[in-house]
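Basically my numbering = 1-based index in the sequence shown + 1409.
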Amino acid sequence: RGYEPGVAEALGAELGRPVEWVRVPWVDMIPAVQRGDADAVLCGQGITTERQAQVDFTRPYAIFHEGVLVRRGAGIHGPDDLVGR
């Protein structure tokens, strides 16, 4: 099922509430919470100053070390190599 669904189920169990998934495009996640269409976002929303001005955050429930996979020999070794691609 995935990490976030497991976290959501654990939260729902702790709160004694059912979990209903609402899928929205990335750009609509925070607006959905602001409108009351969703109670929470569990989807790697990093805490930024801009986002903190819009919604409240809990402590992070996980730390993700995301990366980009590239074809060997593509000449991409760091973020600067992705500029313009």
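Where is the CB? At the ideal position from N, CA and C, for every residue including glycine.
Note that the C-beta distance between V1428 and A1417 is below 8 Å.
Within the same chain, Cβ atoms closer than 7 Å to the Cβ of A1441 are found at V1431, V1433, A1447, the five residues on either side in sequence being excluded. Selection D1490, V1450, A1462 evaluated against G1482 yields D1490 as nearest (Cα-Cα). CA-CA distance, G1425 to R1468, rounds to 21 Å. By the criterion of a C-beta distance shorter than 6 Å, T1457 is surrounded by no residue of its chain, once the five residues flanking it on both sides are discounted.
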